[in-house]
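Asker: The following block contains the structure, expressed as structure tokens.
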Amino acid sequence: MLSNRSIADATVIPVLAYPDVNQAANWLCDAFGFSVRLRIGNHRVQLNVGDGALTVRELRPDEFNAALGIGHSVTVRVEDADVHCERAEARGARITQEPVTHPYGERQYNAEDFAGHSWTFSQSVADVHPSEWGGTAERL
């Protein structure tokens, strides 16, 4: 799998929504010993969690039940986002965003599973330094 400095090396990266991502990141680092890997504007922060990773993102206006477990997604790195998307859709996943290549070097698609959980599947297609697309690297 291609390495990319704009995403953690972990295979599975949980993404949790909070009203204030910077406050959440600071609290998680303080309370649980996580460390900031990358801040992306004021809407997303990547955290190091041991040899794994976690991302906190802004809570969207339509995610009114986030406290009940809605407002989260799990990101999983894959070798080929297009092939993976085709397989998932063929097996009943609801594709909420077709594969798209982003300036930060990832080709991603979004899906919901049978229970309504949100998933992002991400293929590294380029190694892009975060400063090239507006990220602020703190620990890469």
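112 is the number that our numbering gives to position 112 of the sequence shown; each next residue is one higher, with no gaps. Backbone N, C-alpha and C fix where the C-beta goes; we use that ideal spot for every residue, glycine too. Only a predicted model underlies this, so the values are computations on that prediction, with no experimental measurement involved.
Under the DSSP definition of a beta bridge, which residues are partnered with Tyr-109?
Answerer: For this step, residue 109 is matched to residue 109 along the sequence shown. Phe-121.
Asker: Using 10 angstroms around the beta-carbon of Val-83, count the other beta-carbons present and answer buried if the total reaches 16, otherwise exposed.
Answerer: For the purposes of this step, residue 83 is taken as the residue at position 83 of the sequence shown. Exposed is the call here.
Asker: Between which two residues does the alpha helix (DSSP H) containing Ala-25 stretch?
Answerer: Sequence index remark: in the sequence shown, residue 25 carries index 25 (1-based). 21–32 is the extent of the alpha helix (DSSP H) around Ala-25.
Asker: Are Ser-124 and Ser-73 touching if we call contact CB-CB under 8 Å?
Answerer: On the sequence shown, residue 124 is found 124 positions in, with the first residue counted as 1. On the sequence shown, residue 73 is found 73 positions in, with the first residue counted as 1. Cβ distance not < 8 Å, so Ser-124 and Ser-73 don't count as in contact.
Asker: Measuring CA to CA, which of Asp-127, Asp-113, Glu-58, Val-21 is closest to Ala-90?
Answerer: One-based indexing of the sequence shown puts residue 90 at position 90. That would be Asp-113, whose Cα lies nearest to the Cα of Ala-90.
Asker: Kindly indicate which residue of Asp-30, Val-49, Leu-2 has the alpha-carbon position closest to the one of Pro-14.
Answerer: The residue labelled residue 14 in the question sits at position 14 within the sequence shown. Checked all of Asp-30, Val-49, Leu-2; the closest Cα to Pro-14 is Val-49.
Asker: Using only alpha-carbon positions, find the residue among Arg-37, Asn-4, Arg-39, Arg-44 that is nearest to Leu-16.
Answerer: Translated into the one-based positions of the sequence shown, residue 16 becomes position 16. Checking every option, the nearest Cα to that of Leu-16 belongs to Arg-44.
Asker: To the nearest whole angstrom, what separates the beta carbons of Gly-105 and Ala-137, a pair I think is in contact under 8 Å?
Answerer: On the sequence shown, residue 105 is found 105 positions in, with the first residue counted as 1. On the sequence shown, residue 137 is found 137 positions in, with the first residue counted as 1. Not really, about 14 Å apart at Cβ, beyond 8 Å.
Asker: Mind reading off the beta-carbon distance from Thr-11 to Arg-77? Whole number of angstroms is fine, and I expect it under 8 Å.
Answerer: Counted from its first residue, the sequence shown places residue 11 at position 11. Counted from its first residue, the sequence shown places residue 77 at position 77. Sure, about 5 Å apart at Cβ, within 8 Å.
Asker: Where does Glu-58 land, buried or exposed, given buried means 16+ other C-beta within 10 angstroms?
Answerer: Counting from 1 along the sequence shown, the entry for residue 58 is found at position 58. Result: buried.
Asker: So, is Leu-140 buried or exposed, given that buried needs 16 or more other C-beta atoms within 10 angstroms?
Answerer: The count along the sequence shown starts at 1 and reaches residue 140 at position 140. With fewer than 16 other Cβ atoms within 10 Å, it is exposed.
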